[in-house]
Amino acid sequence: MTLVDVEIGLRQQRDALDLQDIVESAARFLEDASAIEIIRWAAATFGDRLCLTASMSDALMIDLVSRVKPGVDVLFIDTGYHFAETIGTRDAVRQVYDVNVIDVRPSRTVAEQERDLGPRLFGRNPDLCCFLRKVEPLNRALEPYLAWVSGIRRDEASTRAGIKVVEWDAKRQMVKINPIARWTQDDVDNYMADNGVLINPLHYDDYPSIGCAPCTRQVAPGEDPRSGRWAGMGKTECGIHT
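Residues in the sequence shown are numbered from 10 upward in steps of one, following this note's numbering.
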């Protein structure tokens, strides 16, 4: 290790400590703020080093963030396993909203992954499949940014009940912003109806939570909305938010 490497490492540590200080104060100050106010703070604080991730289940967060920061980078993880409707929603977002959609792809195609690790890895080892096709590609794509905006909510799952509107993403050493953390499903439905937000058509076919096609099933009335994800696998998160 050279002296330059040491200096870079120390500077990165100082930067991370500074960002953590910002996170702690912002989380307290913005806890009761509206989603738009939280996004305005994020845009003013991080500028072009702020991005948004989107699964293309709907364009709610895209609609919200683009109102404050037109042209924002939107990272879409193209796993190679998406429903055609999800790809169609991504294409529609490009046409409708003032955003820069960036397709983030795994280092291996589906065919290459099956060649190297065998077929149907998603059924044999879903955690590894999610890591290779979602988590690792996103980690690479987030490297140029200081902060990223997510659309997760506290009421979606027990694993998300404790999220803050602004928090420190220790795994990636950056700031994570959850502007609709406090929203309910009614809040989401009302906003999308009032603002004509684009929605993945699979929602109208009993897919309330949409992931990769091999690991997502329809949900029966009365079931937990996320029960269609990795059904029967004992899995509730892909690893991006944990």
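We treat Cβ as the ideally placed atom computed from N, Cα and C, and that holds for glycine.
In summary, residue 64 is buried, with 16 or more beta-carbon neighbours lying within 10 Å of its beta-carbon over all protein chains present. The continuous beta strand (DSSP E) containing residue 112 extends over residues 108-113.
In this structure, the alpha-carbon of residue 212 lies about 12 Å from that of residue 198. Annotation for residue 106: 71, 75 place their beta carbon closer than 6 Å to its own, counting only its chain and skipping 5 residues before and after. Listed in chain order, the non-local C-beta contacts of residue 155 below 8 Å within the same chain comprise 28, 55, 58, 59, 183, 184, local neighbours out to five positions each way being set aside.
No residue range can be given for residue 193, since it is assigned to no beta strand (DSSP E) and is classified by DSSP as neither H nor E. The bridge partners DSSP lists for residue 225 are 238. Scanning the stretch 109-180 from its first residue to its last, the whole alpha helix (DSSP H) runs of 4-plus residues come out as 119-126, 130-133, 135-139, 145-151. Judged by DSSP in its simplified three-state form, residue 73 adopts helix. Judged by their CB atoms, residue 225 and residue 237 are nearer to each other than the 7 Å cut-off. In this structure, residue 100 keeps its C-beta atom at 7 Å or more from the C-beta atom of residue 208. Judged by DSSP in its simplified three-state form, residue 201 adopts helix. Excluding five sequence positions before and after residue 221, the CB atoms of its chain that fall closer than 6 Å to its own CB belong to 88, 90, given in chain order.
Rounded to whole angstroms, the separation of the alpha carbons of residue 247 and residue 144 is 8 Å. Separation of residue 44 and residue 166 (C-alpha to C-alpha, rounded to the nearest whole angstrom) is 20 Å. Excluding residues up to 5 positions away in sequence, 169, 189, 190, 192 lie with their Cβ nearer than 7 Å to the Cβ of residue 162 in the same chain. In the pairwise beta carbon analysis, the stretch 172-182 is classified as touching the stretch 30-39: at least three pairs are separated by under 8 Å.
In this structure, residue 153 sits away from residue 115, with a CB-CB distance that is not shorter than 7 Å. Approximately 7 Å separates the beta-carbon atoms of residue 117 and residue 125; this is inside 8 Å, confirming the contact. Contact check for residue 69 against residue 158 fails: the beta carbons are separated by 7 Å or more.
Taking residue 218 as reference, the option from 204, 194, 84 with the minimal CA-CA separation is 194.
Using a 10 angstroms sphere on the CB of residue 82, the tally of other CB atoms reaches 16 or more, which defines it as buried. The Cβ neighbour count for residue 53, taken over all protein chains shown within 10 Å, is under 16; the residue is labelled exposed. Residue 180 sits exposed, since fewer than 16 C-beta atoms from the chains shown fall within 10 Å of its C-beta. Annotation: residue 249 is outside any alpha helix (DSSP H) and is labelled neither H nor E by DSSP. Around the Cβ of residue 230, a 10 Å sphere holds fewer than 16 other Cβ atoms; the residue is exposed.
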